[in-house]
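Sequential numbering from 1 applies to the sequence shown in full-length UniProt numbering. Ideal placement from N, C-alpha and C gives every residue a C-beta, glycine not left out. Okay, so here's the structure we're looking at.
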Amino acid sequence: MKGHRGSILDIAVVADGQNVISSGQDGTARLWDSAQGACIAVVDDSYSPINAIAVAEVGNAVNLGSPKETPSNREVGTEGKLVVLAREDKSLEGVSLHSRQSVFDFEGSDAFNCCTFISSVGVLAGGLDGNIIHVDITNPKSAVETVSWSETPVLSLVPFRDTYVASYGNGTCYIPLKGSEQVLQLTGPNRQPVFQVAAWKKLVYTCCRDGFIRKYEIPDLG
Numbered sequence: 001m002k003g004h005r006g007s008i009l010d011i012a013v014v015a016d017g018q019n020v021i022s023s024g025q026d027g028t029a030r031l032w033d034s035a036q037g038a039c040i041a042v043v044d045d046s047y048s049p050i051n052a053i054a055v056a057e058v059g060n061a062v063n064l065g066s067p068k069e070t071p072s073n074r075e076v077g078t079e080g081k082l083v084v085l086a087r088e089d090k091s092l093e094g095v096s097l098h099s100r101q102s103v104f105d106f107e108g109s110d111a112f113n114c115c116t117f118i119s120s121v122g123v124l125a126g127g128l129d130g131n132i133i134h135v136d137i138t139n140p141k142s143a144v145e146t147v148s149w150s151e152t153p154v155l156s157l158v159p160f161r162d163t164y165v166a167s168y169g170n171g172t173c174y175i176p177l178k179g180s181e182q183v184l185q186l187t188g189p190n191r192q193p194v195f196q197v198a199a200w201k202k203l204v205y206t207c208c209r210d211g212f213i214r215k216y217e218i219p220d221l222g
């Protein structure tokens, strides 16, 4: 897949995987035909690096607009989907994947490193300053909530059951307990950044700079 003018920083799979979206250091988000490895369209083009992207079906929750040009027949399953772009310039933008129109643009307190959907209208974004911002895409003018458990950068956010897992640059990982101010902290890394987290059923996997992939079995959080 050739097209970006710099490093590719994140990818997201659309629907059944026939299309994928990538974001890059060059400030572009691109839609690709997986089978042919060809760029179908530039979804967004800005001057600021896009550190992370997330895509989800949002249906009629927000006005996604209509395409100005007829989409390629290689576009599969882009209707009704919103792609969220976490940028280096403190911007968290939602763009209609099908129409390419901007839906919202939220300004944070520092560069955004990661983002994820936690519901069809709820988005989380993690910042360089350690803040995790919860934005409702139907009312994005102000954050629903801002939390911070560390002053080091938030490196990864993933949904987990009815909450989420957050990893930080100082090696900490937290799972907030729903309906409580308490958090569950995962141990293991000794102040080494945890770059990425994955979750499946009761299991959480972390990828750390110390070279280890750690597996955690999380008990019932209720």
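| Asked | Found |
| --- | --- |
| Residue 229 classed as buried or exposed, judged by whether at least 16 other C-beta atoms fall within 10 angstroms | This structure leaves residue 229 out entirely; the chain is present only between 1 and 222. |
| Reference residue 32, options 2, 184 and 210, closest by Cα | 2 |
| Cα-Cα separation, residue 63 to residue 53 | 20 Å |
| Pair within 8 Å by beta-carbon distance, residue 123 and residue 114 | no |
| Integer Cβ distance of residue 89 from residue 110, believed to fall under 8 Å | Rounded, the Cβ-Cβ distance is 10 Å, inconsistent with contact. |
| Inter-residue spacing [alpha-carbon to alpha-carbon] between residue 149 and residue 204 | 19 Å |
| Bridge-paired residues (DSSP) for residue 183 | 176 |
| Nearest-angstrom Cα separation, counted from residue 43 out to residue 179 | 37 Å |
| As assigned by DSSP and simplified to three states, the class of residue 223 | Outside the shown range of the chain (1 to 222) lies residue 223, about which nothing can therefore be said. |
| Identified DSSP bridge partners for residue 40 | Answer is none; residue 40 lacks a bridge partner. |
| 8 Å Cβ cutoff met for residue 58 and residue 121 | yes |
| Proximity below 8 Å, CB of residue 35 to CB of residue 21 | no |
| Own chain residues within Cβ distance below 8 Å of residue 51, not counting five before or after | 9, 10, 23, 86, 87, 88, 111, 112, 113 and 114 |
| Proximity of residue 55 and residue 103 at Cβ, strictly below 8 Å | no |
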